[in-house]
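Below: one structure, written as structure tokens.
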Amino acid sequence: MFVLGGDGFCGWPTSLHLSNLGHEVTIIDNLSRRNIDNELEAESLTPIQPMGTRLNVWEEISGSKIDFLNIDLADEYDQFLDAINEQQPDVIVHFAEQRSAPYSMKSPKHKRYTVNNNMNATHNVLCAIADSGLDIHLVHLGTMGVYGYGTAGMKIPEGYLDIEVKTETGERVEQQILYPTNPGSIYHMTKTQDQLLFHYYNKNDSLRITDLHQGIVWGTNTKETKMDERLINRFDYDGDYGTVLNRFLMQAAVGYPITVHGTGGQTRAFIHIQDTVRCIQLAIENAPGRDERVMIFNQMTETHRVNDLAKLVSELTGGEIAYVSNPRKEAAENDLHVKNDLFLSKGLNPTTLSTGLLQEVTEIAEKYAHRADHTKIPAKSTWTKEQQPGIPEGEEEDLVN
Ligand code: NAD
Ligand code: USQ
1 MFVLGGDGFC GWPTSLHLSN LGHEVTIIDN LSRRNIDNEL EAESLTPIQP MGTRLNVWEE
61 ISGSKIDFLN IDLADEYDQF LDAINEQQPD VIVHFAEQRS APYSMKSPKH KRYTVNNNMN
121 ATHNVLCAIA DSGLDIHLVH LGTMGVYGYG TAGMKIPEGY LDIEVKTETG ERVEQQILYP
181 TNPGSIYHMT KTQDQLLFHY YNKNDSLRIT DLHQGIVWGT NTKETKMDER LINRFDYDGD
241 YGTVLNRFLM QAAVGYPITV HGTGGQTRAF IHIQDTVRCI QLAIENAPGR DERVMIFNQM
301 TETHRVNDLA KLVSELTGGE IAYVSNPRKE AAENDLHVKN DLFLSKGLNP TTLSTGLLQE
361 VTEIAEKYAH RADHTKIPAK STWTKEQQPG IPEGEEEDLV N
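Anchor point for the sequence shown: position 388 equals 388 in the UniProt record's numbering, and the numbering is continuous, going up by one each time.
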């Protein structure tokens, strides 16, 4: 099977997990995420190893070989098609997109890069599968953010919404439609467009597709990445790529104020990285049939309010909370209720927020605290020109960076 984006935060532990299960894994990645680290001058807190080292260590430890192809999926269509025709994968797991909302909002250049990269990568993958004529199951990593984060009090269903329309003759007809999209950033917008591409290729070419609407991933290591320090997973903490719970844990560990955007009334869906890899396994094992519509799972295990997470981390670590200006255009407060029955029915046993796991992340952050660049911590990418970056009082000197 292919893992596209297998060098990334979710893709690397997933590749190891699938290899450990006995699958023949080929990672395809153009290492663009590592180039973005260079652009932002912000590195993973953990010392991730070059791809060659990662793969050699994995072979040494597990006895299993993972192959690697450096292909830009947005641009190098023929190379990707050749790889499919040569290796004939039965499954393609697709993580290979620019995944940061703040990065996608930094400037017109970043908006255009995110749209070009994500839309072309996803379209090229679909087009190549259809072109090859092979029966390949595509498992794509989407986001909970395609729904927006508010509902009329109902639980967000898994992709499809039951509606009733009234015809001209007054008859009431029931239908299921794709849940209306409501993206909150250019990045999230690309994921809503991906959904239409899936719908089309499923309808026209009978492609078998699973779209996983994943919440915010937290944690860093999994069973396999813990086997050797050189297999360590990426830990993003900077203002563009760091996600909220990992940032809070890291900030507390390095003695930086915990940066709550606005009031912290935002509620989001979460999943631990160990469950991410397990969910991918379950999605692969429960592929849709050739005549079935796109299968959509909500890949999350719990919802939390940002302010509650900040308080939890503060109580656990003694870290100070700073309520900073929200650089994003988003609802100050929202409730969020989400259905995740499909994964539960397939055997997912959710790893929910526990003190032990929070401490594990804190310990990793403490261990590598010397690698942290504090000037990279605040979120400086604003959604509109009028907004202010999320810089805690007393840390304003960072503005110059
Ligand atoms: P990441 O940036 O760490 O990994 C993405 C990988 O894809 C990188 O290694 C990058 O080099 C590669 N890539 C990007 N564009 C490519 C291209 N054109 N050709 C080849 N390779 C390319 O991101 P991640 O956190 O691992 O996220 C993976 C996927 O999961 C993304 O699609 C993201 O939208 C989704 N997701 C992530 C989270 C999260 O909290 N991290 C939550 C929900 C969904
Ligand atoms: N936030 C803070 N303080 C911070 C960082 C973030 O209060 O220091 C707030 C944000 O304003 C936002 C919330 O926390 O309200 C979540 O932000 P985030 O950066 O953790 O998550 P987000 O931008 O939504 O993106 C992440 C991943 C993305 C994935 C998405 C899933 O980067 O790839 O698609 O989570 S979801 O949020 O469910 O759409």
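Backbone N, C-alpha and C define an ideal beta-carbon position, used for all residues, glycine too.
Start and end of the alpha helix (DSSP H) containing residue i?
i, result
"Gln-79", "77-87"
"Lys-191", "186-205"
"Tyr-103", "101-104"
"Gly-11", "11-20"
"Gln-175", "Premise fails: Gln-175 lies in the beta strand (DSSP E), 172-178, not in any alpha helix (DSSP H)."
"Asp-37", "32-40"
"Gln-359", "355-367"
"Tyr-113", "108-132"
"Leu-342", "341-345"
Find the nearest neighbour of residue i within the set the options, judged by alpha-carbon distance.
i, options, result
"Glu-229", "Ile-61, Ile-377, Tyr-241 and Arg-34", "Ile-61"
"Ser-95", "Gln-79, Ala-74 and Gln-87", "Here the sequence assigns Phe to residue 95, which means Ser is not the residue at that position. Checking every option, the nearest Cα to that of Phe-95 belongs to Ala-74."
"Lys-380", "Gly-239, Gln-98 and Ala-332", "Gly-239"
"Gly-5", "Pro-47, Thr-167, Glu-43 and Met-51", "Met-51"
"Gly-153", "Gln-359, Ala-121 and Asp-335", "Asp-335"
"Asp-342", "Asp-135, Glu-76, Ile-156 and Glu-164", "Sequence check: residue 342 is Leu here, not Asp. Ranking the options by Cα distance to Leu-342, first place goes to Ile-156."
"Gln-195", "Ile-364, Gly-184, Leu-178 and Ser-206", "Leu-178"
"His-123", "Tyr-200, Ile-258, His-261 and Pro-108", "Tyr-200"
"Arg-328", "Arg-278, Thr-384 and Lys-111", "Thr-384"
"Gln-359", "Met-250, Val-57, Gly-170 and Glu-396", "Met-250"
"Ile-48", "Thr-225, Tyr-323 and Arg-290", "Thr-225"
"Ile-163", "Thr-169, Gln-176 and Thr-151", "Gln-176"
"Ile-377", "Gly-150, Ile-186 and Val-324", "Val-324"
"Val-115", "Ser-206, Thr-167, Pro-389 and Gln-98", "Gln-98"
So, for residue i: in the same chain, excluding its five sequence neighbours on each side, which residues have a beta-carbon less than 7 angstroms away from its beta-carbon?
i, result
"Asn-401", "Confidence in Asn-401 is poor, its pLDDT being 46 and thus under 50, which makes the residue's placement too unreliable to answer from."
"Leu-55", "Ile-66 and Phe-68"
"Gly-219", "His-272, Ile-273, Gln-274, Leu-357 and Val-361"
"Gln-193", "Met-119"
"Phe-248", "Ile-258, Leu-309, Ala-310 and Val-313"
"Thr-53", "Arg-230"
Can we count residue i as close to the ligand USQ, meaning its CB is less than 7 angstroms from some heavy atom?
i, result
"Ala-379", "yes"
"Ser-100", "yes"
"His-304", "no"
"Arg-268", "yes"
"Glu-330", "yes"
"Met-295", "no"
"Val-260", "yes"
"Met-250", "no"
Considering only residues of the same chain and omitting the five flanking positions on each side of residue i, which have a CB-CB separation below 6 angstroms?
i, result
"Asp-72", "Asn-30"
"residue 402", "A question about residue 402 goes unanswered here, because the residues of the chain that appear run from 1 up to 401."
"Asp-236", "Gly-242"
"Ser-64", "Ser-19"
"Glu-366", "Ala-253"
May I ask which residues mark the beginning and end of the beta strand (DSSP E) holding residue i?
i, result
"Arg-305", "302-305"
"Trp-218", "216-218"
"Arg-54", "Looking at the DSSP string, Arg-54 is not in any beta strand (DSSP E); the run it does join, the alpha helix (DSSP H), is 51-62."
"Ile-280", "Taken as a continuous stretch (DSSP letters only), Ile-280 belongs to no beta strand (DSSP E), being part of the alpha helix (DSSP H) at 273-285."
"Val-244", "Val-244 -> not in any beta strand (DSSP E); alpha helix (DSSP H) instead, spanning 244-254."
"Asn-70", "From DSSP, Asn-70 is part of no beta strand (DSSP E); its letter is neither H nor E."
"residue 402", "Residue numbering for the chain in the displayed model covers 1 to 401; residue 402 lies beyond these limits and cannot be assessed."
With a 10 Å radius around its C-beta and 16 neighbouring C-beta atoms as the bar for buried, classify residue i as buried or exposed.
i, result
"Ser-104", "buried"
"Ala-331", "exposed"
"Ser-100", "buried"
"His-337", "exposed"
"Leu-45", "buried"
"His-188", "buried"
"residue 402", "The structure shown does not extend to residue 402, since the chain spans only 1 to 401, so no value can be given for it."
"Leu-344", "exposed"
"Gln-281", "buried"
"His-17", "buried"
"Val-146", "buried"
"Arg-172", "exposed"
"Lys-191", "buried"
Got a sec: does the ligand NAD put a non-hydrogen atom nearer than 7 angstroms to the Cβ of residue i?
i, result
"Asp-308", "no"
"Asp-7", "yes"
"Gly-52", "no"
"Phe-95", "yes"
"Gly-11", "yes"
"Leu-4", "yes"
"Asp-131", "no"
"residue 403", "Missing from the structure shown is residue 403; the chain here goes from 1 to 401 and no further."
"Asp-72", "yes"
"Asn-233", "no"
"Gln-214", "yes"
"Asn-286", "no"
Would the C-beta of residue i count as close to the ligand MN, meaning under 7 angstroms from any of its heavy atoms?
i, result
"Leu-282", "Of the ligands one can find in the structure shown, namely the ligand NAD and the ligand USQ, none is the ligand MN."
Does residue i come within less than 8 angstroms of chain B when only Cβ atoms are used?
i, result
"Lys-329", "The structure shown has no chain B; it contains just one protein chain."
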